[in-house]
Amino acid sequence: MNQTELNIPSVGFGLWKIAKEDCADAVYQAIKAGYRHLDSACDYGNEKEVGDGIKRAIEDGLCTREDLWVTSKLWNTYHRPAHVQVALERTLADLQLDYLDLYLIHFPIAQPFVPFEERYPPEWMSSEGKMEIEQVPLFETWKAMESVCDLGLTRQIGVCNYNSGLLHDLMSYARIKPTMLQIESHPYLTQTRLIRLAKQYGLSVTAFSPLGALSYLELDMANKNESVLEQAVVKQAAERLGKTPAQVVLRWGIQRGNAIIPKTTNPKRLIENLNIFDFVLSDDEMQAIDELNCNRRFNDPGHFCEAAFNRFHPIYD
Ligand code: A2P
Numbered sequence: 052m053n054q055t056e057l058n059i060p061s062v063g064f065g066l067w068k069i070a071k072e073d074c075a076d077a078v079y080q081a082i083k084a085g086y087r088h089l090d091s092a093c094d095y096g097n098e099k100e101v102g103d104g105i106k107r108a109i110e111d112g113l114c115t116r117e118d119l120w121v122t123s124k125l126w127n128t129y130h131r132p133a134h135v136q137v138a139l140e141r142t143l144a145d146l147q148l149d150y151l152d153l154y155l156i157h158f159p160i161a162q163p164f165v166p167f168e169e170r171y172p173p174e175w176m177s178s179e180g181k182m183e184i185e186q187v188p189l190f191e192t193w194k195a196m197e198s199v200c201d202l203g204l205t206r207q208i209g210v211c212n213y214n215s216g217l218l219h220d221l222m223s224y225a226r227i228k229p230t231m232l233q234i235e236s237h238p239y240l241t242q243t244r245l246i247r248l249a250k251q252y253g254l255s256v257t258a259f260s261p262l263g264a265l266s267y268l269e270l271d272m273a274n275k276n277e278s279v280l281e282q283a284v285v286k287q288a289a290e291r292l293g294k295t296p297a298q299v300v301l302r303w304g305i306q307r308g309n310a311i312i313p314k315t316t317n318p319k320r321l322i323e324n325l326n327i328f329d330f331v332l333s334d335d336e337m338q339a340i341d342e343l344n345c346n347r348r349f350n351d352p353g354h355f356c357e358a359a360f361n362r363f364h365p366i367y368d
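Under the working numbering, the first residue of the sequence shown is numbered 52, with each subsequent residue one higher.
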């Protein structure tokens, strides 16, 4: 099943938190298992290894470059127009690719530039070891995103972690329209209004952390008892369909019309997460899972920036 407008495979392989040493093999195995959509980012710190995995898969004849959909993201420290192209070129060099399918602004947060030779990826901290903010209007960054699109370095451009207000603003000035909004979304954070707005503007939507809390346990940003896989409605649907609870939650994600990018380094789950096209959730099941929404956001700069970097910098109200 494809997102109609973009032809992006609706199940992508998420690369956040895949350790460098596992990453090339994980990418190779994912492509071998049938994944054709890879969700990468400078900030994940593993783009060289992603590139090695892609290269090996292409050399072994598992796919061609054109078969793949590769997304990457502009990090916060490269928002100044002069840095956008160099940041994308670094990502392309690491991925060993000539072009991306999609380049996204990772966060609507601009931070001071950190030279590659000083630290790459720069993460959230400046050279002084503090989280700092740079005054760069997002429209300036977007103009530079349009330029790299004009140059053919990426086929599509888009944004992550934007709210409705930022999306309205972006649509008012974009010469090249964003084609993708990537946001956290799972049954505890359905984001129905934002997704409706994005689609009204003609954007496709990618849901990150489609399994909710599971992604955040290892980061101490969620509790075990917050797992949506334990919900009765999810378990019952899984039982009815002979599928796992994770497959039900992922199926809910694509059946509501979004792309999803589950991450796993477990070979069994790698295949499990792709096998969600041979069953359908009923309208009642879809609605019951929708109703689990409790606006629980796990990936919230308003929380983690203060907890980890001692700076209060909310972007959602
Ligand atoms: P693992 O890599 O050990 O499989 P995200 O929401 O960022 O995609 O993260 C998914 C989290 O859920 C990871 O911690 C991953 O751990 C785990 N996971 C991925 N697929 C499944 C699955 N099918 N069943 C249970 N846990 C899963």
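The C-beta atom is built at its ideal place from N, Cα and C for all residues, glycine as well.
Between the Cα of residue i and those of the options, spot the shortest distance and give me the residue it belongs to.
| i | options | result |
| --- | --- | --- |
| proline 229 | Pro172, Arg247, Ile105, Ser255 | Ser255 |
| alanine 310 | Glu183, Thr316, Phe328 | Phe328 |
| histidine 237 | Val279, Met231, Lys314 | Val279 |
| serine 123 | His134, Ile156, Asp111 | Ile156 |
| histidine 134 | Pro166, Leu143, Leu148, Ala84 | Pro166 |
| tyrosine 224 | Thr243, Tyr252, Trp193 | Trp193 |
| aspartate 220 | Arg206, Asp201, Tyr252, Gln136 | Tyr252 |
| glutamate 98 | Glu281, Arg141, Arg116 | Arg141 |
| leucine 240 | Phe158, Glu342, Gly85, Gly96 | Glu342 |
| arginine 291 | Gly180, Met231, Ser333, Cys345 | Ser333 |
| glutamine 282 | Gly209, Asn344, Phe190 | Asn344 |
Against chain D, with Cβ distances strictly below 7 Å, would residue i count as a contact?
| i | result |
| --- | --- |
| lysine 68 | Among the protein chains of the structure shown there is no chain D, as only one such chain exists. |
Leaving out five residues on either side along the sequence, give the residues of the same chain with a beta carbon under 6 Å from the beta carbon of residue i.
| i | result |
| --- | --- |
| leucine 245 | Ser215 |
| valine 299 | Val285, Ala288, Ala289 |
| serine 177 | Pro163, Glu183 |
| serine 266 | Ser260 |
| glutamate 197 | Arg226, Ile227 |
| threonine 128 | Gln162, Phe164, Val165, Pro173 |
| cysteine 211 | Leu155, His157, Gln233 |
| methionine 337 | none |
Check whether the Cβ of residue i lies closer than 6 Å to any heavy atom of the ligand A2P, and answer yes or no.
| i | result |
| --- | --- |
| proline 172 | no |
| arginine 302 | no |
| glutamate 323 | yes |
| serine 91 | no |
| serine 255 | no |
| leucine 265 | yes |
| lysine 319 | no |
| proline 313 | yes |
| threonine 316 | yes |
| leucine 240 | no |
| leucine 66 | no |
| alanine 359 | no |
| alanine 297 | yes |
| leucine 262 | yes |
Rounded to whole angstroms, how far is the Cβ of residue i from the Cβ of residue j, which I believe are closer than 8 Å?
| i | j | result |
| --- | --- | --- |
| threonine 295 | alanine 77 | In fact, because the Cβ distance is near 20 Å, the residues do not count as touching under 8 Å. |
| tryptophan 120 | cysteine 93 | Actually they are not in contact, since the Cβ atoms of tryptophan 120 and cysteine 93 sit about 18 Å apart, beyond 8 Å. |
| leucine 217 | leucine 139 | Not really, about 21 Å apart at Cβ, beyond 8 Å. |
| leucine 143 | aspartate 149 | 7 Å |
Only counting the same chain, and skipping five residues up and downstream in sequence, which positions put a Cβ closer than 7 Å to that of residue i?
| i | result |
| --- | --- |
| valine 187 | His130, Arg131, Ala161 |
| aspartate 368 | none |
| tyrosine 79 | Gly104, Arg107, Ala108 |
| valine 101 | Leu66, Cys74, Val78, Leu89, Ser91, Leu146 |
| asparagine 53 | With a pLDDT of only 41 at asparagine 53, under the threshold of 50, the placement of this residue in the model should not be trusted; the figure read from the coordinates follows. Only Ile59, Pro60, Ser61 meet the Cβ criterion. |
| proline 318 | Gln80 |
Only counting the same chain, and skipping five residues up and downstream in sequence, which positions put a Cβ closer than 8 Å to that of residue i?
| i | result |
| --- | --- |
| asparagine 324 | Val62, Ala297, Gln298, Leu301, Pro313, Thr315 |
| phenylalanine 363 | Gly353, Cys356, Glu357 |
| threonine 55 | No answer about threonine 55 holds up, because its pLDDT of 46 lies below 50 and its placement is not dependable. |
| aspartate 118 | Arg87 |
| cysteine 114 | Ile82, Arg87, Ala108 |
Say whether the region 67-76 touches the region 300-308, bearing in mind that this needs 3 or more beta-carbon pairs closer than 8 Å, one atom from each stretch.
-> no
Can we say the region 348-360 touches the region 266-275, given the rule of at least three CB pairs closer than 8 Å?
-> yes
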